[in-house]
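Below is one structure, written out as C-alpha coordinates; comments come after it.
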(Lines of atoms letter the chains of each structure in order from A and count residues from 1; the text may use other names and numbers.)
(Lines give C-alpha, C1' and ligand atoms only; values in the text may rest on other atoms or scores of the structure.)
Protein backbone atom coordinates (compact mmCIF):
# COMPACT_ATOMS: atom_id res chain seq x y z
CA UNK A 1 0.00 0.00 0.00
CA UNK A 2 1.40 3.39 -0.95
CA UNK A 3 2.00 6.17 1.53
CA UNK A 4 -0.70 8.81 1.84
CA UNK A 5 -1.09 11.82 4.13
CA UNK A 6 -3.22 9.67 6.42
CA UNK A 7 -0.85 6.69 6.85
CA UNK A 8 2.66 8.11 7.06
CA UNK A 9 5.02 5.79 8.95
CA UNK A 10 8.72 6.26 9.49
CA UNK A 11 11.28 3.47 9.96
CA UNK A 12 13.19 3.08 13.21
CA UNK A 13 16.95 3.39 13.20
CA UNK A 14 18.25 -0.18 13.77
CA UNK A 15 21.25 1.21 15.63
CA UNK A 16 20.58 1.40 19.36
CA UNK A 17 23.68 3.53 19.97
CA UNK A 18 22.22 6.99 20.53
CA UNK A 19 23.52 10.15 22.11
CA UNK A 20 21.85 11.50 25.24
CA UNK A 21 21.06 15.03 26.35
CA UNK A 22 22.71 16.40 29.45
CA UNK A 23 19.43 17.70 30.88
CA UNK A 24 18.26 14.11 31.41
CA UNK A 25 21.12 13.23 33.77
CA UNK A 26 19.93 13.99 37.31
CA UNK A 27 21.44 14.23 40.79
CA UNK A 28 19.45 13.23 43.89
CA UNK A 29 20.23 13.16 47.61
CA UNK A 30 18.90 10.52 50.03
CA UNK A 31 17.08 11.97 53.07
CA UNK A 32 15.72 8.61 54.22
CA UNK A 33 17.66 5.52 55.21
CA UNK A 34 19.69 2.96 53.29
CA UNK A 35 16.89 0.40 53.71
CA UNK A 36 14.16 2.87 52.69
CA UNK A 37 15.76 5.74 50.77
CA UNK A 38 13.89 8.95 49.98
CA UNK A 39 15.61 10.39 46.94
CA UNK A 40 15.26 14.16 46.75
CA UNK A 41 15.92 15.61 43.32
CA UNK A 42 18.26 18.58 43.62
CA UNK A 43 16.23 21.46 42.21
CA UNK A 44 17.38 23.92 39.56
CA UNK A 45 20.03 21.64 38.07
CA UNK A 46 22.05 22.89 35.14
CA UNK A 47 25.03 20.56 35.36
CA UNK A 48 26.19 17.68 37.52
CA UNK A 49 29.48 16.50 36.05
CA UNK A 50 30.44 13.01 37.24
CA UNK A 51 34.20 12.50 37.31
CA UNK A 52 35.94 9.16 37.84
CA UNK A 53 39.71 9.06 37.81
CA UNK A 54 42.79 7.21 39.08
CA UNK A 55 46.11 8.53 40.33
CA UNK A 56 48.88 8.25 37.77
CA UNK A 57 51.84 6.13 38.92
CA UNK A 58 55.09 6.39 36.97
CA UNK A 59 56.37 2.88 36.26
CA UNK A 60 59.10 3.92 33.84
CA UNK A 61 62.48 2.17 33.93
CA UNK A 62 65.79 2.12 32.11
CA UNK A 63 64.76 -0.58 29.68
CA UNK A 64 61.36 0.87 28.70
CA UNK A 65 62.84 2.09 25.42
CA UNK A 66 62.86 5.75 26.32
CA UNK A 67 59.07 5.83 26.81
CA UNK A 68 57.29 6.52 30.06
CA UNK A 69 55.15 3.74 31.49
CA UNK A 70 52.14 4.62 33.62
CA UNK A 71 49.97 2.54 35.92
CA UNK A 72 46.63 3.51 37.52
CA UNK A 73 46.77 4.06 41.28
CA UNK A 74 44.09 4.94 43.81
CA UNK A 75 40.74 5.65 42.23
CA UNK A 76 38.35 8.45 43.17
CA UNK A 77 35.14 10.05 41.98
CA UNK A 78 33.41 13.38 42.38
CA UNK A 79 30.42 15.39 41.18
CA UNK A 80 30.74 19.08 40.30
CA UNK A 81 27.23 20.48 40.62
CA UNK A 82 25.95 23.80 39.30
CA UNK A 83 22.41 25.11 39.16
CA UNK A 84 20.00 27.83 40.17
CA UNK A 85 19.76 28.99 43.77
CA UNK A 86 16.44 27.35 44.69
CA UNK A 87 14.63 28.29 47.91
CA UNK A 88 12.62 25.60 49.65
CA UNK A 89 14.13 22.68 47.72
CA UNK A 90 14.85 19.68 49.96
CA UNK A 91 17.75 18.40 47.84
CA UNK A 92 19.54 21.76 47.92
CA UNK A 93 18.87 22.16 51.64
CA UNK A 94 20.21 18.66 52.33
CA UNK A 95 23.50 19.46 50.58
CA UNK A 96 23.86 22.71 52.55
CA UNK A 97 23.12 20.95 55.84
CA UNK A 98 25.67 18.24 55.03
CA UNK A 99 28.30 20.87 54.31
CA UNK A 100 27.69 22.85 57.49
CA UNK A 101 27.57 19.77 59.72
CA UNK A 102 30.41 17.89 57.97
CA UNK A 103 28.10 14.98 57.18
CA UNK A 104 28.43 12.60 54.25
CA UNK A 105 25.58 12.42 51.74
CA UNK A 106 24.20 9.37 49.97
CA UNK A 107 23.95 10.41 46.30
CA UNK A 108 22.30 9.01 43.18
CA UNK A 109 23.40 9.91 39.66
CA UNK A 110 20.63 8.95 37.25
CA UNK A 111 20.92 8.39 33.49
CA UNK A 112 18.21 9.11 30.87
CA UNK A 113 17.23 5.43 30.58
CA UNK A 114 16.58 5.24 34.33
CA UNK A 115 19.77 3.39 35.22
CA UNK A 116 21.80 4.95 38.01
CA UNK A 117 24.88 4.90 40.23
CA UNK A 118 24.97 5.54 43.97
CA UNK A 119 27.70 6.41 46.42
CA UNK A 120 28.66 8.32 49.54
CA UNK A 121 30.27 11.73 49.21
CA UNK A 122 31.45 14.70 51.25
CA UNK A 123 30.24 18.18 50.31
CA UNK A 124 33.55 20.05 50.19
CA UNK A 125 32.32 23.37 48.78
CA UNK A 126 29.04 25.27 48.66
CA UNK A 127 29.04 28.57 46.78
CA UNK A 128 25.95 30.74 46.21
CA UNK A 129 26.46 33.48 43.61
CA UNK A 130 23.97 36.38 43.78
CA UNK A 131 24.69 38.99 41.05
CA UNK A 132 22.61 42.17 41.03
CA UNK A 133 21.81 41.73 37.35
CA UNK A 134 21.23 38.00 37.05
CA UNK A 135 19.73 34.89 38.57
CA UNK A 136 21.24 33.46 41.76
CA UNK A 137 23.29 30.33 41.06
CA UNK A 138 24.73 27.56 43.22
CA UNK A 139 27.92 25.54 42.81
CA UNK A 140 28.87 22.61 45.03
CA UNK A 141 31.57 19.95 45.00
CA UNK A 142 30.82 16.41 46.15
CA UNK A 143 33.91 14.21 46.61
CA UNK A 144 33.45 10.47 46.89
CA UNK A 145 33.97 8.50 50.07
CA UNK A 146 34.82 5.02 48.85
CA UNK A 147 33.59 3.67 45.50
CA UNK A 148 30.66 4.76 43.39
CA UNK A 149 28.50 1.77 42.47
CA UNK A 150 28.30 0.02 39.15
CA UNK A 151 25.43 1.16 36.93
CA UNK A 152 22.18 -0.35 38.23
CA UNK A 153 18.91 -0.97 36.37
CA UNK A 154 15.77 0.25 38.19
CA UNK A 155 12.94 -2.12 39.08
CA UNK A 156 9.61 -1.87 37.29
CA UNK A 157 7.24 0.41 39.22
CA UNK A 158 3.57 -0.17 40.04
CA UNK A 159 0.86 1.97 41.63
CA UNK A 160 -2.01 1.12 43.95
CA UNK A 161 -4.76 2.07 43.54
CA UNK A 162 -4.77 3.04 39.87
CA UNK A 163 -8.21 4.66 40.11
CA UNK A 164 -9.78 6.98 42.64
CA UNK A 165 -12.59 9.42 43.29
CA UNK A 166 -12.52 12.99 44.57
CA UNK A 167 -15.51 14.88 45.95
CA UNK A 168 -15.29 18.66 46.01
CA UNK A 169 -17.88 18.71 48.81
CA UNK A 170 -15.66 16.55 51.03
CA UNK A 171 -12.22 17.44 49.69
CA UNK A 172 -9.33 15.27 50.85
CA UNK A 173 -5.82 14.50 49.63
CA UNK A 174 -5.56 11.35 47.52
CA UNK A 175 -2.65 9.03 48.50
CA UNK A 176 -1.23 6.50 46.04
CA UNK A 177 1.33 3.83 46.93
CA UNK A 178 4.24 3.46 44.51
CA UNK A 179 6.16 0.16 44.62
CA UNK A 180 8.97 -0.43 45.18
CA UNK A 181 9.20 2.40 47.71
CA UNK A 182 12.66 3.30 46.39
CA UNK A 183 11.15 4.36 43.02
CA UNK A 184 12.00 7.86 41.86
CA UNK A 185 9.04 9.90 40.60
CA UNK A 186 10.45 12.19 37.92
CA UNK A 187 7.25 14.09 37.23
CA UNK A 188 3.46 13.98 37.39
CA UNK A 189 1.50 15.44 34.49
CA UNK A 190 -2.09 15.99 33.44
CA UNK A 191 -2.14 16.14 29.66
CA UNK A 192 0.34 18.88 28.77
CA UNK A 193 0.37 20.37 32.28
CA UNK A 194 3.19 19.43 34.68
CA UNK A 195 2.12 19.29 38.32
CA UNK A 196 4.30 21.20 40.79
CA UNK A 197 5.99 19.22 43.55
CA UNK A 198 5.00 20.58 46.96
CA UNK A 199 2.09 22.58 45.54
CA UNK A 200 0.08 20.03 43.56
CA UNK A 201 1.51 16.80 44.96
CA UNK A 202 4.04 15.38 47.39
CA UNK A 203 6.15 12.23 47.21
CA UNK A 204 8.02 10.53 50.02
CA UNK A 205 8.95 6.94 50.82
CA UNK A 206 6.77 5.40 48.12
CA UNK A 207 3.66 7.48 48.90
CA UNK A 208 2.52 9.84 46.16
CA UNK A 209 -0.13 12.25 47.43
CA UNK A 210 -2.23 14.31 45.03
CA UNK A 211 -3.20 17.37 47.04
CA UNK A 212 -6.85 18.34 47.43
CA UNK A 213 -6.29 21.95 46.37
CA UNK A 214 -5.11 20.75 42.96
CA UNK A 215 -7.99 18.31 42.49
CA UNK A 216 -10.57 20.90 43.62
CA UNK A 217 -9.54 23.11 40.70
CA UNK A 218 -10.13 20.39 38.11
CA UNK A 219 -13.30 20.18 36.03
CA UNK A 220 -15.81 17.47 36.92
CA UNK A 221 -15.10 14.24 35.10
CA UNK A 222 -12.13 11.97 34.56
CA UNK A 223 -8.59 13.21 35.26
CA UNK A 224 -5.76 11.00 33.94
CA UNK A 225 -2.43 11.62 35.63
CA UNK A 226 0.78 10.29 34.06
CA UNK A 227 3.51 9.40 36.54
CA UNK A 228 6.99 9.31 35.03
CA UNK A 229 9.34 6.84 36.76
CA UNK A 230 12.78 5.68 35.55
CA UNK A 231 11.66 2.19 34.47
CA UNK A 232 8.14 2.84 33.21
CA UNK A 233 5.21 5.27 33.16
CA UNK A 234 2.16 4.82 35.37
CA UNK A 235 -1.37 6.15 34.79
CA UNK A 236 -3.76 7.08 37.58
CA UNK A 237 -7.38 7.89 36.71
CA UNK A 238 -9.29 10.07 39.17
CA UNK A 239 -13.00 10.80 38.87
CA UNK A 240 -13.69 14.34 40.06
CA UNK A 241 -17.22 15.30 41.11
CA UNK A 242 -19.20 17.68 43.27
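Numbering (my numbering), first residue to last: 28 to 269.
Don't be surprised by glycine CBs; every beta carbon is placed ideally from N, CA and C.
In this text, all values refer to a predicted model and were calculated from it rather than measured experimentally.
Spell out the partners DSSP gives residue i in its beta bridges.
| i | result |
| --- | --- |
| residue 264 | 190 and 251 |
| residue 156 | 164 |
| residue 33 | Paired residues: none, contrary to the question. |
| residue 132 | 148 |
| residue 202 | 236 |
Looking at C-alpha atoms only, which residue of the options is the closest neighbour of residue i?
| i | options | result |
| --- | --- | --- |
| residue 199 | 173, 161, 234 and 242 | 242 |
| residue 27 | 29, 146 and 66 | This structure does not reach residue 27, given that the chain is present from 28 up to 269, and the question cannot be answered. |
| residue 182 | 94, 143, 170 and 33 | 143 |
| residue 192 | 245, 115 and 30 | 245 |
| residue 232 | 121, 208 and 225 | 208 |
| residue 267 | 259, 64 and 252 | 252 |
| residue 180 | 189, 141, 158 and 68 | 141 |
| residue 163 | 260, 71, 55 and 258 | 71 |
| residue 58 | 260, 76 and 123 | 123 |
| residue 76 | 234, 258, 196 and 168 | 168 |
| residue 170 | 159, 221, 197 and 148 | 148 |
Helix, strand or coil: how does DSSP classify residue i here?
| i | result |
| --- | --- |
| residue 269 | coil |
| residue 213 | coil |
| residue 258 | coil |
| residue 114 | coil |
| residue 138 | coil |
| residue 219 | coil |
Span of the beta strand (DSSP E) holding residue i?
| i | result |
| --- | --- |
| residue 69 | Run containing residue 69: none; DSSP gives neither H nor E here. |
| residue 165 | 164-171 |
Which residue comes first and which comes last in the alpha helix (DSSP H) that contains residue i?
| i | result |
| --- | --- |
| residue 242 | 239-243 |
Flag this pair as touching only if the segment 209-218 and the segment 106-114 have three or more C-beta atom pairs under 8 angstroms; answer yes or no.
-> no
Mind the definition here: the segment 99-109 touches the segment 77-85 only if three or more C-beta pairs lie below 8 angstroms; say whether that holds.
-> yes
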